[in-house]
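Everything on this sheet refers to the single structure shown next.
Residue numbers (mature numbering (1 follows the signal peptide of the UniProt record, and there is no 0)): -19 to -1, 1 to 460.
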């Protein structure tokens, strides 16, 4: 616990409830591998079924709230898949969240699912079905949203006998990188609370260093394409911590009405950003001019007694040593989230004793261009650790020494003969080492399997399930 600040720890202990009961789970669309292969730059392996989950949680003030999120499941009940939590990036409106069909970032959740992960994506507090103003880059509520959705989804999966294994992967990009780091940290530092142990994490292009790197971005004289992201951070912390009695103590008059409209959801984040850009250009000012002089003075002073700076440090997410393998991915020309966030996080995590952090640069790319290589690196990184275990609800593994295969090795596209099985119909499934189902069917009197794919070679697993539900597994080498 020593890596959690006292304020963050108090917030968690005081506001977290065990949201282990979902309110509703509504089936939405199904997405085929053929469609996913057209829109995603990855190898689509499984069809995907999407569900909207509504679940119980609490808001930033400790009051009961109903939150929403997406549950995306690979459509293959023959395997126990790992769980994954994807923390989404900045949403431009309440409805631009994963649980809503048609939202582009929903495809990222489907990308993880088609790769073989039962994936959840929380909409976050103040977005989707949740009440109130969204507490942007607020670490505690981001972590709680992801954790509570994992618990609700896990309960629903168990009730419906949808198999999953004991692995958990956590990822997120942009604001989601900050949220993924917050969730990963919370789950590691509270291992016994919910029995959710992170297998590997991927924190991607996130603003982990609110009090240092992002503070400097606020003070920069360089123009920014998304000034609303910076201003919304301060509006968020005022909303959560009550830093100011009136909004005009934070925002200067030329920008005050635009900020008020945004806080009351009369405008979207995208519209707020457009208003800010127009005003800044008309006045030849930079984003720091949106804030009152007293705020700029606090940001420049680095005063340890400044309440604003204490709150910003409260929402830094990197001062802890990850135990699970952790990818920190960034790009050097990121104009929205400086890559130094990842460099700082890596140096501090390593100094605190972590030996599992991998720092990876996507090169000279901007924030938008960095996303696809970050996703590809995440999937490659997770695949080093992921398992897809054969699923059975009642059966037990058998030795069955009389059961043999021939020939083994077998030629690609050849015929595999099975010997020594009981004289009853059996079900078979052929998997690759990543757990992807390649063939399945039922064998009656004919105890042979015609292998599909003349170019499919390597090591595979054959699982034979008997009528009792018991099963036996054999390795198959295809040459």
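The beta-carbon is built from N, C-alpha and C at its ideal position, and this holds for glycine as well.
Cβ-Cβ distance between residue i and residue j below 8 Å
i, j, result
"residue 79", "residue 90", "yes"
"residue 29", "residue 55", "yes"
"residue 457", "residue 391", "yes"
"residue 116", "residue 107", "yes"
"residue 319", "residue 198", "yes"
"residue 186", "residue 154", "yes"
"residue 167", "residue 124", "yes"
"residue 130", "residue 182", "no"
"residue 111", "residue 47", "yes"
"residue 260", "residue 236", "yes"
"residue 190", "residue 297", "yes"
"residue 44", "residue 146", "no"
"residue 239", "residue 257", "yes"
"residue 314", "residue 347", "yes"
"residue 379", "residue 412", "no"
"residue 2", "residue 26", "no"
"residue 12", "residue 137", "no"
"residue 132", "residue 104", "no"
"residue 270", "residue 331", "no"
"residue 152", "residue 359", "yes"
Supposed close pair residue i, residue j - CB separation, criterion 8 Å
i, j, result
"residue 194", "residue 119", "Rounded, the Cβ-Cβ distance is 17 Å, inconsistent with contact."
"residue 288", "residue 224", "6 Å"
"residue 418", "residue 400", "The Cβ separation is near 24 Å, so there is no contact."
"residue 349", "residue 393", "About 42 Å; that fails the 8 Å criterion."
"residue 88", "residue 128", "Residue 88 to residue 128, Cβ: 24 Å. No contact."
"residue 292", "residue 218", "5 Å"
"residue 101", "residue 72", "Residue 101 to residue 72, Cβ: 16 Å. No contact."
"residue 84", "residue 77", "6 Å"
"residue 371", "residue 459", "Wrong, their Cβ atoms sit about 19 Å apart, outside the cutoff."
"residue 170", "residue 301", "7 Å"
"residue 388", "residue 447", "Contact doesn't hold; Cβ gap of about 24 Å is too wide."
"residue 180", "residue 305", "6 Å"
"residue 70", "residue 156", "5 Å"
"residue 464", "residue 264", "Since the first residue of the chain shown is -19 and the last is 460, residue 464 is not available in this structure."
"residue 290", "residue 192", "6 Å"
Residue i classed as buried or exposed, judged by whether at least 16 other C-beta atoms fall within 10 angstroms
i, result
"residue 149", "buried"
"residue 20", "exposed"
"residue 333", "exposed"
"residue 42", "exposed"
"residue 366", "exposed"
"residue 196", "buried"
"residue 283", "exposed"
"residue 323", "buried"
"residue 295", "buried"
"residue 317", "buried"
"residue 24", "exposed"
"residue 245", "exposed"
"residue 440", "exposed"
"residue 40", "buried"
"residue 122", "buried"
"residue 444", "buried"
"residue 15", "exposed"
"residue 328", "exposed"
"residue 226", "exposed"
"residue 429", "exposed"
"residue 68", "buried"
"residue 231", "buried"
"residue 517", "In the structure as shown, the chain begins at -19 and stops at 460. Residue 517 is therefore absent and cannot be evaluated."
"residue 452", "buried"
"residue 397", "buried"
"residue 208", "buried"
"residue -1", "Because residue -1 carries a pLDDT of 39, less than 50, the predicted location of this residue cannot be relied on, and no value is offered for it."
"residue -7", "Note that residue -7 has pLDDT 36, beneath the 50 cutoff, so the model's placement of it is unreliable and the number below is only indicative. Exposed, because fewer than 16 other Cβ atoms sit within 10 Å of the Cβ of residue -7."
heavy atom of the ligand PLP below 7 Å from residue i C-beta
i, result
"residue 319", "The ligand PLP is absent from the structure shown, which contains no ligand whatsoever."
Beta carbon proximity, residue i to chain B, threshold 8 Å
i, result
"residue 203", "Of the protein chains in the structure, only one exists, and it is not chain B."
_At least 3 beta-carbon pairs within less than 8 Å: the region 251 to 270 vs the region 306 to 320_ = no
*Any contact of the region 332 to 348 with the region 30 to 50, i.e. 3+ C-beta pairs under 8 Å?*
no
_Using 8 Å as the cut-off, can you tell me whether the region 420 to 435 makes contact with the region 403 to 412, which would need three or more C-beta pairs spanning the two stretches below that distance?_
yes
*Quick one: any contact between the region 273 to 289 and the region 84 to 103, if contact means 3 or more CB pairs under 8 Å?*
no
_Quick check on the DSSP output: what are the complete beta strand (DSSP E) runs of length 3 or more inside the region 49 to 75, in order along the chain?_
60 to 68
*asked:* Going residue by residue through the region 237 to 264, where are the continuous alpha helix (DSSP H) segments of at least 4 residues, counting only ones entirely within it?
replied: 250 to 264
*Start-end ranges of the alpha helix (DSSP H) lying completely within the region 77 to 122, minimum 4 residues*: 87 to 95
_Uninterrupted beta strand (DSSP E) stretches inside the region 121 to 161 (no shorter than 3 residues)_ = 145 to 154
*Uninterrupted alpha helix (DSSP H) stretches inside the region 329 to 374 (no shorter than 4 residues)*: 352 to 364
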